[in-house]
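Numbering (this note's numbering), first residue to last: 46 to 256. For glycine and all other residues, C-beta sits at the position ideal for the given N, C-alpha and C.
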């Protein structure tokens with residue numbers, strides 16, 4: 046672990062990833078083996094943006110809006126030689142994630158029809174706006190949106206909200222966007238701390254512009 050701490054202070058993301066792989070291959074990084082691919086990506090993304098993004102951005106002038114896609118491609122490439130089943134499974138998840146993201150980009154939410162027993166026009170437009178503005182990848186993006194609109198949106202400020210989805214009906218609905226949710230669980234440790242505030246800000250900005 047000391048070597049990981051040393052590497053993470055540099056700007057060599059591939060070396061950091063390789064050292065993680067080496068530790069797990071030797072079963073010295075047992076805790077990591079129990080992390081789901083979804084949460085593993087959130088942790089890798091956090092490490093990347095906090096420690097490597099600034100260096101890459103200055104060197105190559107990357108657009109921050111597409112930087113997550115660059116990270117996924119880099120991870121897929123770095124994980125190619127991995128032999129441990131944990132990393133093989135993670136690489137498969139990343140390949141599926143980038144595929145669903147590309148499909149979602151080519152299939153704009155605004156063009157989708159909606160059931161008026163599930164949405165009213167006001168909430169559907171808000172949903173589409175959040176999908177466009179919320180820079181999150183894959184299933185976790187749509188899971189967080191469900192939790193926010195279902196449970197956490199401030200209805201005292203936003204009274205004209207109709208979001209009548211059970212987990213089952215929402216799973217069916219988001220299939221229209223190339224998203225398949227199997228396990229309906231948000232990353233609690235990230236959602237309450239970071240994501241909820243982001244979703245609230247997107248919503249507040251949207252309704253402020255409508256006034």
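Closest to residue 212 by CA distance: which of 181, 201 and 188 is it?
188
Looking at the structure shown, is residue 229 part of a helix, part of a strand, or coil, going by DSSP?
In the structure shown, residue 229 adopts coil according to DSSP, grouped into three states.
What three-state label does DSSP hand residue 210 in the structure shown?
coil
Residues that residue 164 bridges to, as DSSP identifies them
208
Within the same chain, show all residues whose beta-carbon is closer than 8 Å to that of residue 164, passing over the 5 residues directly before and after it, in chain order.
172, 207, 208 and 209
contact_flag[the region 245–256, the region 198–205] where n(CB pairs < 8 Å) is 3 or more
yes
Simplified DSSP assignment, three categories, for residue 133
helix
Work out the CA separation of residue 243 and residue 132 for me, nearest whole Å.
Residue 132 and residue 243: Cα-Cα distance of roughly 30 Å.
Just reading off the alpha helix (DSSP H) that residue 345 is part of, what are its end residues?
Shown here, the chain extends from 46 to 256; a query on residue 345 therefore has no answer.
Note the first and the last residue of the continuous alpha helix (DSSP H) segment covering residue 183.
183–192
State yes or no: is the C-beta of residue 143 within less than 8 Å of the C-beta of residue 122?
The answer is no: Cβ separation not under 8 Å.
Simplified DSSP assignment, three categories, for residue 126
Assignment of residue 126 by DSSP, reduced to helix, strand and coil, places it in the coil class.
Hey, residue 90 and residue 124: beta-carbon distance below 8 Å or not?
Not closer than 8 Å, so no.
Give the DSSP-derived three-state secondary structure of residue 197 in the structure shown.
helix
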